Every structure is written in structure tokens, then in C-alpha cells.
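As C-alpha cells, the structure follows; a few thoughts come after it.
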Amino acid sequence: MRTLKLLMVILLVASFIGCAGMSAEEQRALSGGAIGAGAGALGAGVLGKSPAAGAAIGGAAGAAGGYLYEKSR
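Residue numbers (our numbering): 198 to 270.
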């Protein structure tokens, strides 16, 4: 259990460091993708469909939407 907690902390820190040099467009696309994937998985699960497929479709749509939103600003 202790190893799992340590691994989670290391992954969390690495994700913050990896996002430090991103442009606004990249950050918006990543945020949109993450939110879209979560919403897609949840929606597909509620409807009795494949959460993995919902996450893939939602993630792609969210990333595209986030990128296009930032480009239009």
C-alpha cells in the first residue's frame, strides 16, 4: 500500500512538471480532453454502452473543442 501511495505522488508531481512548459492552446486542449473523456465514460456507462469507447470519443471531442476555443480567442 505504501508503494502505491508513493507511486501516485510521483506520477502527480511528474504530471505537473510535464505541463509546465505548455502553451495556452495545449493546456486548453489537454483540459478539454480530460473533461471530455470523463464525461464520455460517465455518459456511456449510464447508457449501458462501453465506457472506454465513450471516453475515447469524449476525449477527442473535448480536446478538439478546447483547442478550437483557445484558437478563436
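Ideal Cβ placement from N, Cα and C applies to all residues, glycine included. On a predicted model such as this, the values are computed, not experimentally measured, just so you know.
Going by alpha carbons, who is nearest to residue i out of the options?
| i | options | result |
| --- | --- | --- |
| Gly230 | Ala211, Lys246, Ala260 | Ala260 |
| Ser228 | Ser269, Val206, Val243, Ala257 | Ala257 |
Given a threshold of 16 other Cβ atoms within 10 Å of its Cβ, counted over all protein chains shown, does residue i qualify as buried or as exposed?
| i | result |
| --- | --- |
| Ala252 | buried |
| Gly245 | exposed |
| Gly215 | exposed |
Look at the alpha carbon of residue i and the alpha carbon of residue j, and state the distance between them as a whole number of angstroms.
| i | j | result |
| --- | --- | --- |
| Gly240 | Ile254 | 11 Å |
| Gly233 | Met198 | 31 Å |
| Ala221 | Ala250 | 28 Å |
| Phe213 | Pro248 | 26 Å |
Start and end of the alpha helix (DSSP H) containing residue i?
| i | result |
| --- | --- |
| Gly251 | 248-269 |
| Ser228 | 221-243 |
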